[in-house]
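Asker: Take a look at this one; I'll ask things after.
Protein chains in written order, with my numbering: chain A, 1305 to 1478; chain B, 472 to 651.
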């Protein structure tokens, strides 16, 4: 298959996945579009190196996450992680099945959003992969660390978020 | 709302693909042309040195030309290497590996810098030995050395403004990933 055909097929199969990743990192539609285009360019540049060792989805996520780090590199500190209440995996962030329902309240979603945006760039990347429904093993393959290391990091982030959200809840109830 | 977002996020894929193919071709063509130029110029210069030897030119001049030839060869290989390295950043590597490579790429002084230094020394020796150029040795050292120092200074300034923040950010992310 020619590179051009392979590329077009890859994008056709994964464009929604890439767009979602872009939307995690940018609230502005124009920025999302710019980043989407940047991811496509980097997929093209890296396509010759695809040997099929990793699943194509893991490969796509690597390019997307690495691009997001480079793309937002212009403003690391201002990089935000945008979440939507209808995200299928949102409850996994706090291990709370009832979260989706609770988060329909705009204020709570906003609170979670604020807390997520206080996380470091790497933690944001981990959470974005979690929101995509990737397993710990797949996240480890994307980032390049061990599965146990991913588990520790995600456990810590979840703990931080839970504490902060619970604290926020308590403050409001008082 | 979702529909609007999707529509606005659309990138015209055929146009983008066409642009990417064009860029690839341009890059391949440029690399090829540069390589052809170097590999034609180098033997030509070598033949010129041989002609000087046959004509009985002073040994110093021949040595000087020899050093210029070595400098050209050095810069040709170095340029080729840099061109290849900087244009083929692989974004599909694991994030940690990509960041480590970025840190190495954005270091101001690397082992490869020694190759550039070797090229500069060859040029300097070429200027010193080539008496046909009519340069005074001390004057050459002052002007050439000064130019090299100013160039290094400008290079470091550019690095500090453009590349140091990237290197530092990549380092910080590596520390964070490797922590715990």
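C-beta atoms are modelled at their ideal positions from N, C-alpha and C, and glycine is treated no differently.
Please go through the same chain and pick out, in chain order, the residues whose beta-carbon is closer than 8 Å to the beta-carbon of residue 434 of chain B, but skip the five residues on each side of it.
Answerer: As displayed, chain B neither begins before 472 nor continues past 651, which places residue 434 of chain B out of reach and without an answer.
Asker: Determine the direct distance from the alpha carbon of residue 1327 of chain A to that of residue 647 of chain B, and round the result to whole angstroms.
Answerer: In the second chain, the residue the question calls residue 647 of chain B occupies position 176. In the first chain, the residue the question calls residue 1327 of chain A occupies position 23. Residue 647 of chain B and residue 1327 of chain A: Cα-Cα distance of roughly 24 Å.
Asker: Once you ignore the five residues that flank residue 606 of chain B on each side, which residues in its own chain have a CB closer than 7 Å to its CB?
Answerer: Taking the second chain and counting its residues from 1, one reaches residue 606 of chain B at position 135. Here the set comprises 598.
Asker: Excluding the 5 residues flanking residue 1356 of chain A on each side, which residues of the same chain have their C-beta closer than 6 Å to its C-beta?
Answerer: Indexing the first chain from 1 puts residue 1356 of chain A at position 52. Excluding sequence neighbours, residue 1356 of chain A sits near nothing in its chain.
Asker: Answer yes or no: do residue 1385 of chain A and residue 1329 of chain A have a C-beta to C-beta separation smaller than 9 Å?
Answerer: Within the first chain, residue 1385 of chain A is the residue found at index 81, counting from 1. Within the first chain, residue 1329 of chain A is the residue found at index 25, counting from 1. For residue 1385 of chain A and residue 1329 of chain A, yes; Cβs fall inside 9 Å.
Asker: Taking 8 Å as the limit between beta carbons, can you name the residues of its chain near residue 1369 of chain A, skipping five residues before and five after?
Answerer: By one-based count along the first chain, residue 1369 of chain A stands at place 65. Once the five neighbours on either side are set aside, the close Cβ partners of residue 1369 of chain A are 1325, 1429, 1432, 1433, 1446 and 1447.
Asker: Which residues bound the alpha helix (DSSP H) around residue 609 of chain B?
Answerer: Taking the second chain and counting its residues from 1, the one referred to as residue 609 of chain B is at position 138. 608 to 629 is the extent of the alpha helix (DSSP H) around residue 609 of chain B.
Asker: Taking the alpha carbon of residue 548 of chain B as the reference point, which residue from B:580, B:577, B:632 and B:589 has its own alpha carbon closest?
Answerer: Position 77 of the second chain holds residue 548 of chain B. It is B:589 whose Cα lies nearest to the Cα of residue 548 of chain B.
Asker: Whose CA, out of B:591, B:570, B:608 and B:489, lies closest to the CA of residue 639 of chain B?
Answerer: For this step, residue 639 of chain B is matched to residue 168 along the second chain. Looking at the Cα atoms, B:570 is the closest of the given residues.
Asker: Output yes if chain A places a C-beta closer than 9 Å to the C-beta of residue 633 of chain B; else output no.
Answerer: Position 162 of the second chain, counted from the first residue, corresponds to residue 633 of chain B. No, its Cβ sits nowhere closer than 9 Å to a Cβ of chain A.
Asker: In angstroms with no decimal places, state the Cα-to-Cα distance between residue 509 of chain B and residue 550 of chain B.
Answerer: As a first step, residue 509 of chain B is located in the second chain; it is residue number 38 there, counting from the start. As a first step, residue 550 of chain B is located in the second chain; it is residue number 79 there, counting from the start. Those two C-alpha atoms are separated by around 11 Å.
Asker: Hey, is residue 1366 of chain A's beta-carbon within less than 9 Å of any beta-carbon in chain B?
Answerer: Indexing the first chain from 1 puts residue 1366 of chain A at position 62. At least one chain B Cβ lies under 9 Å of residue 1366 of chain A.
Asker: In chain B, which residues lie less than 7 Å from residue 1356 of chain A when you measure between Cβ atoms?
Answerer: Residue 1356 of chain A sits at position 52 when you count from the first residue of the first chain. By Cβ distance, chain B contributes nothing, its closest Cβ being about 12 Å from residue 1356 of chain A, past 7 Å.
Asker: Using the three-state DSSP reduction, which class does residue 1449 of chain A fall into: helix, strand or coil?
Answerer: Translated into the one-based positions of the first chain, residue 1449 of chain A becomes position 145. Residue 1449 of chain A falls in the coil class under three-state DSSP.
Asker: Quick one: is residue 1319 of chain A buried, meaning 16 or more other Cβ sit within 10 Å of its Cβ, or exposed?
Answerer: Reading the first chain from its first residue, position 15 is the one you call residue 1319 of chain A. Result: buried.
Asker: Can you list, in chain order, the residues of its chain with a C-beta nearer than 7 Å to that of residue 1391 of chain A? Leave out the 5 residues immediately preceding and following it.
Answerer: Position 87 of the first chain, counted from the first residue, corresponds to residue 1391 of chain A. Here the set comprises 1435.
Asker: Whether or not the segment 612 to 625 of chain B and the segment 561 to 568 of chain B are in contact is what I'm after, with contact meaning three or more pairs of Cβ atoms, one per stretch, closer than 8 Å; do they touch?
Answerer: Taking 8 Å as the limit for Cβ pairs, the verdict is that the segment 612 to 625 of chain B does not touch the segment 561 to 568 of chain B.
Asker: Under a Cβ-count criterion, where at least 16 other Cβ atoms within 10 Å of its own Cβ denotes burial, should residue 1363 of chain A be classed as buried or exposed?
Answerer: Position 59 of the first chain holds residue 1363 of chain A. Classification for residue 1363 of chain A: buried.
Asker: Which complete alpha helix (DSSP H) runs does the segment 525 to 559 of chain B hold, if anything under 4 residues is left out?
Answerer: DSSP runs (the alpha helix (DSSP H)) wholly in the segment 525 to 559 of chain B: 530 to 558.
Asker: Would a check of beta-carbon distances place residue 1467 of chain A closer than 9 Å to chain B?
Answerer: Numbered from its first residue, the first chain carries residue 1467 of chain A at position 163. No, because no Cβ of chain B sits closer than 9 Å to the Cβ of residue 1467 of chain A.
Asker: Out of A:1335, A:1367 and A:1458, which has the shortest C-alpha to C-alpha gap to residue 1315 of chain A?
Answerer: The residue given as residue 1315 of chain A occupies position 11 in the first chain. Among A:1335, A:1367 and A:1458, the Cα nearest to that of residue 1315 of chain A is on A:1367.
Asker: Mapping the DSSP letters down to three states, classify residue 1337 of chain A as helix, strand or coil.
Answerer: By one-based count along the first chain, residue 1337 of chain A stands at place 33. It is helical.
Asker: Just reading off the alpha helix (DSSP H) that residue 597 of chain B is part of, what are its end residues?
Answerer: Numbered from its first residue, the second chain carries residue 597 of chain B at position 126. Note, residue 597 of chain B: alpha helix (DSSP H), 582 to 600.
Asker: Leaving out five residues on either side along the sequence, give the residues of the same chain with a beta carbon under 7 Å from the beta carbon of residue 1348 of chain A.
Answerer: The residue given as residue 1348 of chain A occupies position 44 in the first chain. Hits under 7 Å: 1311.
Asker: Under 9 Å, CB to CB, which of the residues in the segment 1339 to 1351 of chain A have a partner in chain B?
Answerer: Listed in sequence order: 1340, 1341, 1343, 1344, 1345, 1346, 1347, 1348, 1349, 1350 and 1351.
Asker: Residues of chain B with CB under 8 Å from residue 1479 of chain A, in chain order?
Answerer: Nothing about residue 1479 of chain A can be read from this structure; chain A reaches only from 1305 to 1478.
Asker: Taking only the alpha-carbon atoms, compute the straight-line gap between residue 610 of chain B and residue 595 of chain B and give it to the nearest angstrom.
Answerer: Position 139 of the second chain, counting from 1, holds the residue named residue 610 of chain B. Position 124 of the second chain, counting from 1, holds the residue named residue 595 of chain B. Approximately 12 Å between the Cα atoms of the pair.
Asker: Of the residues A:1387, A:1444 and A:1336, which one's Cα is nearest the Cα of residue 1416 of chain A?
Answerer: Residue numbering aside, residue 1416 of chain A sits at position 112 when the first chain is read from its first letter. The shortest C-alpha separation from residue 1416 of chain A is found at A:1387.
Asker: With 9 Å as the threshold, decide whether the Cβ of residue 1387 of chain A is near any Cβ in chain B.
Answerer: Taking the first chain and counting its residues from 1, the one referred to as residue 1387 of chain A is at position 83. With 9 Å as the cut-off, residue 1387 of chain A does not count as an interface residue toward chain B.
Asker: Of all the CB atoms in chain A, is at least one closer than 9 Å to the CB of residue 560 of chain B?
Answerer: Mapped onto the second chain, residue 560 of chain B falls at position 89. So yes, residue 560 of chain B belongs to the interface.
Asker: Keeping to the same chain, check which residues put their C-beta closer than 8 Å to that of residue 1444 of chain A; ignore five residues upstream and five downstream.
Answerer: Your numbering for residue 1444 of chain A matches position 140 in the first chain. Only 1450, 1451, 1453 and 1454 meet the Cβ criterion.
Asker: Excluding the 5 residues preceding and the 5 following residue 644 of chain B in the sequence, name in chain order all residues of the same chain whose CB lies nearer than 6 Å to its CB.
Answerer: On the second chain, position 173 is the one that residue 644 of chain B refers to. So the list reads 570, once near-sequence residues are dropped.
Asker: Measuring straight from C-alpha to C-alpha, what distance separates residue 1365 of chain A and residue 503 of chain B?
Answerer: Taking the first residue of the first chain as 1, we reach residue 1365 of chain A at position 61. Taking the first residue of the second chain as 1, we reach residue 503 of chain B at position 32. Each residue's Cα considered, the two are about 33 Å apart.
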